[in-house]
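Read through the structure below, which is laid out as structure tokens, and then see the notes.
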Amino acid sequence: IRLHTRDQTADTPKEAVRQSVMAGVDMSMVPFDYSFYNLTVECVKDGSIPKTRLDDAVRRILRVKYALGLFDGNNAWPDSSAVNTFNKPEYDATNRQAARQGITLLKNDNNLLPMSIDRITETNKLVITGPTANTLTSLNGGWTYTWQGTDEAIFPRNLTNNTIFGSFRARVGESKIGYYNASTFNTLLNTDALLNAVQQASYILVCLGEQAYTETPGNINDLTLDEAQLQLVELIKSRTSVPIITVLAEGRPRIIRRIVDLSSAIVMMYLPGMEGGRALVDVLFGDYNPSGRLPITYPKYNHHLSTYDYKWTEVKIGNTIDAEYEFGHGLSYTTFSYSDLSVQSRINWDDQIVITLNVRNTGLRQGDHSILLYVSDVYRTITPPNKELKGYEKLSFAPSEQKSVRFTLSRHDLSFIGIDLTRQTEAGLFEVKVGNLVANFTLVGGNQPVTSTLPQPGGSASTNHLNYQQYFILFMNILLVLATIFI
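Note that the UniProt record's numbering has the sequence shown beginning at 1, numbered continuously upward.
Take a look at the structure:
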């Protein structure tokens with residue numbers, strides 16, 4: 001319907017439905033508005049939507065339902081006893097472990113972390129503040145119990161201790177922790193008590209981020225973190241020399257450039273789920289060595305949003321790639337070294353590409369570590385990215401332990417979309433990068449498409465390729481359908 005009310009490609013709701021169905025929409029997710037179906041029936045009756053298109057939509061819907069076993073009789077739906085399987089301890093343990101592994105240590109000046117519990121006393125308390133410190137909604141995000149996930153009252157009462165504050169209170173004790181509600185997400189509150197408390201604190205934990213959201217209500221015009229939250233850190237820093245640990249609970253990277261230098265440690269939690277608070281305690285006290293890596297390039301500026309696989313041309317024409325934290329960044333409480341990166345220098349077209357190296361834990365702590373394999377196509381007919389992630393391996397290392405790591409690729413892993421819109425691989429020189437190690441290999445043999453394009457209706461992939469105009473129209477239709485469904 002929004003094709004009529006918002007995008008204005010249709011002059012009536014009926015025409016909007018016709019456009020949507022003919023573009024590939026099989027069903028409407030709106031539960032309380034049946035106009036999509038009523039108007040679809042009208043379109044079928046007047047012939048503007050062919051019956052064959054309706055049959056196609058129904059066929060695809062039924063195919064999924066059959067695959068899910070929904071037509072298998074009485075066993076298709078769980079009975080009321082299924083609720084007894086919810087919230088089992090083993091599920092909580094899985095959530096906690098997943099959150100531990102995901103938490104990413106972005107900054108750790110002077111090895112401030114892990115925290116020492118002996119340093120926290122009734123006189124020198126652990127001070128916690130910030131809008132995400134005492135809420136479960138920011139740890140879980142949208143679609144948690146409700147659409148936006150913002151109704152804290154719906155969360156089970158026995159889980160209120162799972163907040164960041166509640167989890168740290170359970171660890172250090174009520175008398176050794178102070179929580180100060182000094183800021184909402186976008187408004188500073190009374191900070192007098194907080195600013196007095198931080199002067200004698202052992203550690204200061206400032207928990208920042210976002211309220212839960214999903215879809216359009218979560219849209220923002222500026223990635224910069226809300227002014228009130230930035231000011232909160234600045235105020236604390238102006239009153240004390242006690243190091244600040246900034247914790248980010250957010251599903252997207254909000255710009256924090258102003259407070260990076262004011263924070264001695266920065267920890268990214270993402271949206272860790274119900275056990276996120278306890279997982280954070282485990283990581284900050286060193287029970288679990290942080291091993292998360294950023295799956296994004298964390299931007300420093302609003303106007304500079306680059307990805308890790310930027311083209312060489314970006315640098316060569318003078319554009320500086322200046323991120324706050326690079327894709328794959330993540331610190332640890334221990335250290336790792338790489339050595340002996342090896343790959344055969346000349347690889348035949350159909351042979352496997354085997355890359356090996358040794359990784360050693362050179363520190364004093366047990367720790368998990370992700371080894372990231374990047375490959376660069378040095379020259380090709382389409383301007384290549386500077387590097388692409390082609391493999392990773394997460395392993396656990398005891399102190400001083402060394403392990404051999406092996407990656408196996410094929411020429412398909414080196415493929416790209418060519419000028420003729422086919423996926424193809426080209427022979428030539430490639431660079432392999434792991435950490436600060438670099439090795440080269442040359443792929444030799446004929447250049448061949450790996451797969452072909454989608455066929456046109458009535459044709460085959462080998463004989464019918466979409467021309468550029470058709471490809472553009474197809475692409476725009478897909479975007480239009482996605483916008484109609486999700487926005």
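All C-beta atoms in this analysis are idealised placements derived from N, C-alpha and C, irrespective of residue type, glycine included.
Check                                                                                                                                                                                                 : Outcome
Please specify which runs of the beta strand (DSSP E), each continuous and at least 3 residues long, are wholly inside the stretch 120 to 165, giving them in chain order.                            : 126 to 129
Going by DSSP, what residues sit across from A67 in a beta bridge?                                                                                                                                    : In DSSP, A67 forms no bridge with anything.
Put I296 into one of helix, strand or coil per three-state DSSP.                                                                                                                                      : coil
Tell me whether I355 sits in a helix, a strand or coil according to DSSP, three-state version.                                                                                                        : strand
Could you tell me which uninterrupted beta strand (DSSP E) segments, each at least 3 residues in length, are contained entirely in the stretch 234 to 263, listed from first to last along the chain? : 244 to 249
In whole angstroms, give me the CA-to-CA distance for I256 and W147.                                                                                                                                  : 28 Å
Start and end of the alpha helix (DSSP H) containing G277?                                                                                                                                            : G276 to L284
How many angstroms separate the CA atom of R96 from the CA atom of M268?                                                                                                                              : 15 Å
Is the separation between the beta-carbon of K107 and that of I321 shorter than 8 Å?                                                                                                                  : no
Buried or exposed for I61, going by 16 or more other Cβ atoms inside 10 Å?                                                                                                                            : exposed
Is it right to say G178 is buried, meaning 16 or more other beta carbons lie within 10 angstroms of its own, or is it exposed?                                                                        : buried
Residues in its own chain within less than 6 Å of A228 by CB, not counting five upstream and five downstream?                                                                                         : S183, N186, T187 and L188
So, for K275: in the same chain, excluding its five sequence neighbours on each side, which residues have a beta-carbon less than 7 Å away from its beta-carbon?                                      : The amino acid occupying residue 275 in the given sequence is Glu; Lys does not appear at that position. Within the same chain, E275 has close Cβ partners D92, N95, R96, A99 and N162.
Could you spell out the range, first to last residue, of the alpha helix (DSSP H) harbouring G102?                                                                                                    : P89 to G102
What did DSSP end up calling V62 once you bin it into helix, strand or coil?                                                                                                                          : Checking the sequence shown, residue 62 turns out to be Leu, not Val. In the structure shown, L62 sits in a helix (DSSP, three-state: H, G or I).
Based on the DSSP secondary-structure assignment, which residues constitute the bridge partners of K107?                                                                                              : I266
When the distance is taken between beta carbons, is R254 closer than 8 Å to residue 544?                                                                                                              : With the chain covering only 1 through 487, there is no way to say anything about residue 544.
Here's a check: name, in chain order, each residue in its chain whose Cβ is nearer than 6 Å to the Cβ of W349, leaving out the five neighbours to either side.                                        : G445
Report yes if the C-beta distance between P114 and F285 is below 8 Å; otherwise report no.                                                                                                            : yes
Please give the ranges of any alpha helix (DSSP H) in the stretch 297 to 378, keeping only runs that are unbroken, at least 4 residues long and fully inside the region.                              : 312 to 316
Would you kindly check if the distance between the Cβ of A133 and the Cβ of Y164 is under 8 Å?                                                                                                        : As written in the sequence, residue 164 is Ile, which differs from the Tyr given in the question. For I164 and A133, yes; Cβs fall inside 8 Å.
Please report the straight-line C-alpha distance between D413 and K390, rounded to a whole angstrom.                                                                                                  : 7 Å
For E174, which of helix, strand or coil comes out of DSSP?                                                                                                                                           : helix
Could you tell me how far apart the beta carbons of R126 and S202 are, in whole angstroms, since I believe they sit closer than 8 Å?                                                                  : The sequence shown places Leu at residue 126, rather than the Arg named in the question. About 6 Å; that satisfies the 8 Å criterion.
Which residue wins for smallest C-alpha separation from G330, given the options G130, M22 and K394?                                                                                                   : K394
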